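Colleague:
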Amino acid sequence: MRLPSRRASTKRTVKCGDVGAGQAAKICNNLILGINIVAVSESFALAETLGLSHQALFDVVSTSTGQCWALTSYCPVPGLVPTSPANNDYKPGAPATMLFKDLLLAKQAAENTSAKTPLGSRVTELFEEFIEAGHGGEDFSAIIRYLR
Numbered sequence: 140m141r142l143p144s145r146r147a148s149t150k151r152t153v154k155c156g157d158v159g160a161g162q163a164a165k166i167c168n169n170l171i172l173g174i175n176i177v178a179v180s181e182s183f184a185l186a187e188t189l190g191l192s193h194q195a196l197f198d199v200v201s202t203s204t205g206q207c208w209a210l211t212s213y214c215p216v217p218g219l220v221p222t223s224p225a226n227n228d229y230k231p232g233a234p235a236t237m238l239f240k241d242l243l244l245a246k247q248a249a250e251n252t253s254a255k256t257p258l259g260s261r262v263t264e265l266f267e268e269f270i271e272a273g274h275g276g277e278d279f280s281a282i283i284r285y286l287r
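Laid out in structure tokens, this is it:
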């Protein structure tokens with residue numbers, strides 16, 4: 140599977156260490172993002188089956204222990220967060236293929252160092268399935284559609 144390359148824009152610079160440390164920080168950060176967007180998506184999908192409104196779940200989670208950037212800045216449900224691609228039919232801010240690329244890099248790094256990343260491995264598999272189902276050009280938050 141060929142993945143596009145894209146240079147990320149940054150608002151600040153953080154010195155992470157020797158050459159390669161910045162890349163390590165990036166893939167670790169995006170591993171967290173991938174796990175978080177799947178967790179948020181699963182939670183909203185479960186809430187739907189339990190009859191809980193999107194707004195109620197958002198109001199509880201955004202002010203309690205489940206709060207995270209994937210929820211409060213990038214919520215995969217339309218209408219709750221103004222900056223969410225869900226409000227624009229999941230047109231990508233960041234296509235699923237871009238996050239998948241970093242998830243693959245994290246998985247490879249974990250394998251090379253014998254680090255255990257079971258959640259990361261499963262999330263990588265989910266994104267691979269999502270992309271193979273034809274959704275690679277959608278925003279990564281559209282994974283909620285696949286999980287439903």
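In my numbering, the protein residues as written are 140 to 287. Backbone N, C-alpha and C define an ideal beta-carbon position, used for all residues, glycine too. Nothing here was measured: the structure is a model prediction, and the numbers come from that model.
1) For residue 224, is the classification buried or exposed, using 16 other Cβ atoms within 10 angstroms of its Cβ as the cut-off for buried?
2) To which residues of the same chain is residue 271 closer than 7 Å at the C-beta, ignoring the five residues directly before and after it?
3) Considering only residues of the stretch 195-228, which uninterrupted alpha helix (DSSP H) runs meet the minimum length of 4 residues and lie entirely inside it, listed in chain order?
4) Of all the options 217, 282, 259, which has the alpha carbon lying nearest to the alpha carbon of residue 166?
5) For residue 228, is the classification buried or exposed, using 16 other Cβ atoms within 10 angstroms of its Cβ as the cut-off for buried?
6) Give me the residue from 230, 210, 250, 219 with the minimum Cα distance to residue 173.
7) What's the C-alpha gap between residue 241 and residue 157?
8) Per the DSSP calculation, residue 278 is bridged to which residue(s)?
9) Is it right to say residue 287 is buried, meaning 16 or more other beta carbons lie within 10 angstroms of its own, or is it exposed?
10) Assess, as a yes-or-no matter, whether the stretch 200-214 is touched by the stretch 176-192 under the definition of 3 or more beta carbon pairs within less than 8 Å.
11) Classify residue 155: buried if its beta carbon has 16 or more other beta carbons within 10 angstroms, exposed otherwise.
12) Is residue 167 helix, strand or coil when you go by DSSP?
Modeller: In terms of the structure at hand:
1) For the purposes of this step, residue 224 is taken as residue 85 along the sequence shown, with counting starting at 1. It counts as buried.
2) Indexing the sequence shown from 1 puts residue 271 at position 132. Correct list: empty, nothing qualifies.
3) 208-211
4) Along the sequence shown, one-based indexing puts residue 166 at 27. Residue 259 is the option with its Cα nearest to residue 166.
5) In the sequence shown, residue 228 corresponds to position 89, counting from 1. Exposed, because fewer than 16 other Cβ atoms sit within 10 Å of the Cβ of residue 228.
6) Against the sequence shown, residue 173 aligns to sequence position 34. Residue 210 is the option with its Cα nearest to residue 173.
7) Position 102 of the sequence shown, counted from the start, is the residue given in the question as residue 241. Position 18 of the sequence shown, counted from the start, is the residue given in the question as residue 157. So the two alpha carbons sit approximately 20 Å from each other.
8) For the purposes of this step, residue 278 is taken as the residue at position 139 of the sequence shown. Bridge partners of residue 278: 234.
9) Numbered from its first residue, the sequence shown carries residue 287 at position 148. Label assigned to residue 287: exposed.
10) Verdict: yes, contact present.
11) Along the sequence shown, one-based indexing puts residue 155 at 16. Exposed, because fewer than 16 other Cβ atoms sit within 10 Å of the Cβ of residue 155.
12) Locating residue 167 in the sequence shown gives position 28, where the first residue counts as 1. DSSP places residue 167 in helix when its eight states are reduced to three.
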